[in-house]
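Trainee: My structure is below; once you've seen it, I'll send some questions.
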Amino acid sequence: MIDQRRLPRRFEYLHCQTLDEMLDAIRSMAIRGAPALAVAGAYGMVLAALKASTGNVRNQAKNAAELLIASRPTAVNLAWGVNRMLKIVLNESISDADIPDKLLVEAHLMAEEDVQINRKLAENGASLINDGDTIIHHCNTGSLAVVDWGTALGAIRFAHEQGKRIHLLVDETRPRLQGARLTAWECEQYGIPYEIITDNAAGFFLRSGKVNKVFFGADRVAANGDVVNKVGTYMLSLAAHTNGVPVYSVFPLSTLDLSIPNGDRIPIEERDGDEVLGLEFHGEPVAPVGAKARNPAFDITPNGLITSLVTEAGIITPPYDLNLARCVYNNSLEGK
Ligand code: MRU
71 MIDQRRLPRR FEYLHCQTLD EMLDAIRSMA IRGAPALAVA GAYGMVLAAL
121 KASTGNVRNQ AKNAAELLIA SRPTAVNLAW GVNRMLKIVL NESISDADIP
171 DKLLVEAHLM AEEDVQINRK LAENGASLIN DGDTIIHHCN TGSLAVVDWG
221 TALGAIRFAH EQGKRIHLLV DETRPRLQGA RLTAWECEQY GIPYEIITDN
271 AAGFFLRSGK VNKVFFGADR VAANGDVVNK VGTYMLSLAA HTNGVPVYSV
321 FPLSTLDLSI PNGDRIPIEE RDGDEVLGLE FHGEPVAPVG AKARNPAFDI
371 TPNGLITSLV TEAGIITPPY DLNLARCVYN NSLEGK
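71 is the number of the first residue of the sequence shown in the working numbering; add one for each residue after it.
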């Protein structure tokens, strides 16, 4: 995997040989972004099965699944990816000796499918983008956050490759700076014109009348269409809604959790306060010695602030409770 902690200054690959190394990569955010986490989780299961002691593959893989799912609790894709692998582990018709190979084949398949799904949802999202649009984008939702293409940034990249002239306002996305570090780096690769703004400046630009759209991804979407995404999404959506700017959340159906009725029931990961306090100004820590911080990594954007949800199966409009269930049902029929 590309080590996302080092970008944009250094482009380095990280090689994980064990489950513990994969868990560390996920927890420390060497790899991050909901769909990328699903695939990392799947390969984590492969590593656990490959290193398991003889006669104990199923138990060790089940333990690995618990550890992986708990390693980043909000993005449901991680649990989705691991549970898909767990079906193989629990399938009694597969011998212990065959489990690692079967898991590896499934992980490769998941990675390939991710590219196809993202390309499709990027194409769907691009249909909402007009030539000349100025768009505010939150967090990193590009190819780094998936296997390839991306969700919201995938749509923007797709529109850019169609020849639409887009100007992107990339918000920094405090505290981990996925926008300033990763989205800006991806824009450099694709040649998408962009400027970095502080998260606090979004309201100013939205009120100016010069921003046409807001695009972001999702880490988990509840059955009623509430979107849990990188912290700051809620404030951005409030400011956009107040100023009549359309808001789009772009995600694969694996991000949808129909078992959760609304966003308030989704677990929100709270990360170490050091991520907030680690900021330096003129080479010195910003906060006083001994300062404490709170660091929720995600927030909940109520469905009423979101203009449409964009998936590989199409663009979904309100009422979301009805239309999301219908979309999943139709998509499952098409898959048969
Ligand atoms: O904490 P992160 O960087 O893993 O959070 C990522 C996001 O919030 C993305 O917006 C989200 O995963 C959807 S884009 C693929």
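Here a beta-carbon is modelled for each residue, glycine too, at the ideal position from N, C-alpha and C.
Which class does Glu354 belong to by DSSP, given the choice of helix, strand or coil?
Mentor: If DSSP states are grouped into helix, strand and coil, Glu354 belongs with the strands.
Trainee: Which one or two residues does DSSP pair with Leu394 in a beta bridge?
Mentor: Answer is none; Leu394 lacks a bridge partner.
Trainee: Could you give the distance in angstroms between the alpha-carbon of Leu328 and the alpha-carbon of Pro355?
Mentor: Taking the straight line from one Cα to the other gives about 43 Å.
Trainee: For Asn133, collect the residues of the same chain with a Cβ closer than 7 Å to its Cβ; drop the 5 residues on either side in sequence, then sort them by chain order.
Mentor: For Asn133, where only same-chain residues beyond five positions count, there are no Cβ hits under 7 Å.
Trainee: Relative to the ligand MRU, is the shortest distance from any of its heavy atoms to the C-beta of Phe286 smaller than 7 Å?
Mentor: Within the cutoff, so yes.
Trainee: In the DSSP assignment, what are the bridge partners of Asn299?
Mentor: Bridge partners of Asn299: Asp369.
Trainee: Suppose contacts are defined by Cβ-Cβ distances below 8 Å. Is Val320 in contact with Phe285 by that definition?
Mentor: Cβ distance < 8 Å, so Val320 and Phe285 count as in contact.
Trainee: Using 8 Å as the limit for Cβ to Cβ distance, is Ile338 near chain C?
Mentor: Here chain C cannot be found, since the structure has a single protein chain.
Trainee: I think Lys283 touches Thr243, with their Cβ atoms under 8 Å apart; what is that distance to the nearest whole Å?
Mentor: Not quite, the Cβ-Cβ distance comes to about 18 Å (not below 8 Å), so this is no contact.
Trainee: For Arg251, verify whether its CB is less than 7 Å away from any heavy atom of the ligand MRU.
Mentor: No, the Cβ of Arg251 stays beyond 7 Å of every heavy atom of the ligand MRU.
Trainee: With H, G and I counted as helix, E and B as strand and the rest as coil, what does DSSP make of Asp166?
Mentor: Helix, per DSSP.
Trainee: Distance check for Gly374 and Val24, CA to CA, integer angstroms please.
Mentor: With the chain represented from 71 up to 406, any question about residue 24 goes unanswered, as that position is not in the structure.
Trainee: Do you know whose CA, among Tyr399, Thr253, Arg154, Lys157, lies nearest Leu239's CA?
Mentor: The candidate whose alpha carbon is nearest that of Leu239 is Thr253.
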